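Take a look at the structure below.
Protein chains in written order, with my numbering: chain A, 177 to 394; chain B, -8 to 540.
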């Protein structure tokens, strides 16, 4: 379904924006419009109602969180539009802010666009209802040292599975990533949830939030 | 008894010797005046012999050979026109009157005891007519009486001059001691307010009959504020703010920029606020000196008299005190300016770091990402038969991505991008996550702190965590940030080897600078073997740094 998806793109850096746009076109997306700031983006989204919005988090006028704020507005007006927020650096607060608004969202380091295949795949997953958190942030959370770390109870494989859960992958996705069956992944997941005393979430997006919260609070 | 010669010259020499001995012993003036009167009376065989002190419009008996009903020590009187004393008073030269003096009260006495002759000799102290020694005779006094009295008046003049200079010396010593006490406060860098208080007490004791004040002129100088008052000035509040008034010493200083005095006994009709204060304090004499701070008239220091006019030299003697006050103010102002400049330097460097971080992220890094995209696009366009070119382009793209990742790592160390947005708690937790040793973060507030405090606390924690990981061999670190009433306490403790010395690492020094630039306090406890604990306290309202005017 996502092939031919209609995408709106917002970034104040024209060069980068054009680069991403041509990448999208090359991979079969339809770019319905580009903008250099949040208010133009909102107008564009309202006019075009694209399937997906890719937005830089820092844009004029204050270069702080304009992109995230715009995403929030788009989410409330058009809950079905997928949202991909790009950031020069990843922060847990921003990730949970975006993911907390609902599924169909991704919070990514801007430099991920250079891993073209992964990036395109992520866009497809978001269009299909997925949720995605940048692996760099997940890695930071998983590797944070704790004095009595409950993660120490996990096997290395379980830690891998936990990180992929935090990134927003489904059990099937984790299986593909690790070259194991979905059933094996399910076993790992049950074991992890039991060891960490975390309640199974109903869907991927809630699972991401629960795992992120757990990792930060442990 | 009329004697023309010098028959009792031996008696006179003995009398003079006795008086001289008393002078040398420095006996109190009253005793000396009494002794001289007695000696003179005895020498001439007369009852009435007196030492008189001259004031502006009257004479006072200060020594008397023998008390009478009409005249005792302390009796004031008109010098009179026809008395010998009156003549000395008018001319400054010795005088003789060979008939009964008739001016009261001496006249009445003279008439009663039957005085027919009187002689008076001036006491001249340092060129100024101080008083006279007078002897009155029931018989005509010897012709050389004036000369012989002169021997006594000379001795008296010497004694008085000595006593006066002793008093002056004492006063000078007191004044010097007071100045020294105030100067010590100034040198120690005590607050300007405490210097004001000290000066008002010292001035009150030295000149002011218990009253003195330091006042600051308003910016436009038409009004003033009492910034210090001596303890005796009951009923006037510190901080009282009044118009300067044209008829006050402070008003004159304001108008002329020079020392001023007002001698006025009745303030009951004064309408100005300052006049009402004058009335309330019962002041009759005020001397005000300007306080000039770096060329600008800042205020006045005033000595206040309640019983009579203050001494004529009061303004001159106040000058040193006003200079000390000016110095204290200038010190405090330059301290304030210094603190402000340190804050500006820290802020400027923070701004620079923030700018660099943004330029790296939004500029250079972004450039690298779009460059990477172009290379990827080129890679995609390469015909299949040019496989090696394609793999070269792929390598370039990967290299660019690596460079971008490195750049991100660098810029993260330059400025915490999430501090401004998410606050100190989030930023400290991020720091903790990235620390190679376990860090427990406790932040007791979700509220935002002033930006400079957040930034300083962040860097303090960052530096401390780096040290704990690099040098302390710690296995855990506890970071606590607590918002108290007026300040923020940050403490970072580790369980490492201790022995950290600020002198050995510029990191700690920079940290101390940063904390103290905000008016905060920094402490490091690092006993070898007992871990390191760094505490920093940041005032939230550094009022003491507010400029004084």
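Note that CB positions come from ideal geometry on N, CA and C, so glycine has one too. On a predicted model such as this, the values are computed, not experimentally measured, just so you know.
Residue i: first and last residue of the uninterrupted beta strand (DSSP E) it sits in
| i | result |
| --- | --- |
| residue 44(B) | 39 to 45 |
| residue 254(A) | Residue 254(A) -> no beta strand (DSSP E), and no H or E assigned at all. |
| residue 208(B) | 202 to 208 |
| residue 514(B) | 512 to 516 |
| residue 280(B) | 276 to 284 |
| residue 574(B) | As shown, chain B starts at -8 and ends at 540. That puts residue 574(B) outside it, with no answer to give. |
| residue 125(B) | 119 to 128 |
| residue 485(B) | 478 to 485 |
Short Cβ contact (8 angstroms threshold) for residue i with residue j
| i | j | result |
| --- | --- | --- |
| residue 101(B) | residue 75(B) | no |
| residue 146(B) | residue 31(B) | no |
| residue 555(B) | residue 510(B) | Given that chain B is displayed from residue -8 to residue 540, the structure contains no residue 555(B) and the question cannot be resolved. |
| residue 434(B) | residue 423(B) | no |
| residue 505(B) | residue 450(B) | yes |
| residue 273(B) | residue 252(B) | no |
| residue 52(B) | residue 65(B) | yes |
| residue 224(B) | residue 293(B) | no |
Contact with chain B by residue i, beta-carbon distance below 8 angstroms
| i | result |
| --- | --- |
| residue 183(A) | no |
| residue 269(A) | yes |
| residue 373(A) | no |
| residue 189(A) | yes |
| residue 369(A) | no |
| residue 350(A) | no |
| residue 272(A) | no |
| residue 214(A) | no |
| residue 264(A) | yes |
| residue 389(A) | no |
| residue 177(A) | Confidence is the limiting factor: at residue 177(A) the pLDDT is only 46, short of 50, which leaves the residue's position unreliable and the question unanswerable from this model. |
| residue 317(A) | yes |
| residue 338(A) | no |
| residue 323(A) | yes |
Within-8 angstroms CB hit, residue i to chain A
| i | result |
| --- | --- |
| residue 186(B) | no |
| residue 341(B) | no |
| residue 527(B) | no |
| residue 409(B) | yes |
| residue 211(B) | no |
| residue 413(B) | yes |
| residue 356(B) | yes |
| residue 544(B) | Past the boundaries of the shown model lies residue 544(B); chain B is included only from -8 to 540, so the question cannot be answered. |
| residue 403(B) | yes |
| residue 486(B) | no |
| residue 223(B) | no |
| residue 392(B) | yes |
| residue 399(B) | yes |
Backbone CA spacing between residue i and residue j [nearest angstrom]
| i | j | result |
| --- | --- | --- |
| residue 305(B) | residue 118(B) | 23 angstroms |
| residue 290(A) | residue 251(A) | 26 angstroms |
| residue 230(A) | residue 240(A) | 17 angstroms |
| residue 146(A) | residue 355(B) | With chain A running from 177 to 394 in the structure shown, residue 146(A) is simply not present. |
| residue 352(A) | residue 365(A) | 15 angstroms |
| residue 41(B) | residue 152(B) | 19 angstroms |
| residue 298(A) | residue 260(A) | 9 angstroms |
| residue 215(B) | residue 195(B) | 20 angstroms |
| residue 43(B) | residue 241(B) | 40 angstroms |
| residue 268(B) | residue 444(B) | 45 angstroms |
| residue -4(B) | residue 136(B) | Since pLDDT at residue -4(B) reaches only 44, below the 50 mark, its modelled position is unreliable, and no value is offered. |
| residue 228(B) | residue 167(B) | 29 angstroms |
| residue 391(B) | residue 249(A) | 34 angstroms |
| residue 442(B) | residue 335(A) | 38 angstroms |
| residue 468(B) | residue 282(A) | 34 angstroms |
| residue -6(B) | residue 88(B) | For residue -6(B), the predicted model reports a pLDDT of 47, less than 50, meaning its position is unreliable; a value from the coordinates is still stated below. Going from the Cα of residue -6(B) to the Cα of residue 88(B) covers about 17 angstroms. |
Where the alpha helix (DSSP H) through residue i begins and ends
| i | result |
| --- | --- |
| residue 433(B) | Taken as a continuous stretch (DSSP letters only), residue 433(B) belongs to no alpha helix (DSSP H), being part of the beta strand (DSSP E) at 430 to 434. |
| residue 163(B) | 136 to 179 |
| residue 462(B) | Counting along the chain, residue 462(B) falls outside any alpha helix (DSSP H), and DSSP gives it neither H nor E. |
| residue 340(B) | 305 to 349 |
Residue i beta carbon near the ligand SAM (any heavy atom closer than 7 angstroms)
| i | result |
| --- | --- |
| residue 306(A) | In the structure on display, the ligand SAM does not appear, and there are no ligands present to speak of. |
Margin query: So if I threshold CB-CB distances at 9 angstroms, which residues from the region 419 to 440 of chain B count as touching chain A?
Written below: Answer set for the region 419 to 440 of chain B: 420, 421, 423, 424, 425, 426, 427, 428, 429, 430, 431.
Margin query: Give me the subset of the region 278 to 310 of chain A whose CB atoms are less than 8 angstroms from a CB atom of chain B, sorted by chain position.
Written below: If the cut-off is 8 angstroms between Cβ atoms, the region 278 to 310 of chain A has 285, 286, 287, 289, 290, 291, 292 near chain B.
Margin query: Can you pull out the residues from the region 358 to 387 of chain B whose beta carbon lies closer than 7 angstroms to at least one beta carbon of chain A?
Written below: Under the 7 angstroms Cβ criterion, the region 358 to 387 of chain B contributes 360, 361, 363, 364, 365, 367, 368, 371.
Margin query: Beta carbons nearer than 9 angstroms to chain B: which residues of the region 193 to 205 of chain A have them?
Written below: For the region 193 to 205 of chain A, which is checked against every Cβ of chain B, the residues closer than 9 angstroms are 193, 194, 195, 196, 198, 199, 202.
Item checked: chain B contacts from the region 227 to 253 of chain A (Cβ-Cβ distance under 7 angstroms) -> So the list reads 234, 239, 240, 241, given in the order they occur along the chain.
Next item on the list: Would you list, in chain order, the members of the region 459 to 478 of chain B that have their beta-carbon closer than 7 angstroms to a beta-carbon of chain A?
Entry: Here the close residues are 467.
Next item on the list: Using a Cβ-Cβ cut-off of less than 7 angstroms, give me the residues of the region 261 to 281 of chain B that come near chain A, in sequence order.
Entry: For the region 261 to 281 of chain B, no residue has a beta-carbon sitting nearer than 7 angstroms to a beta-carbon of chain A.
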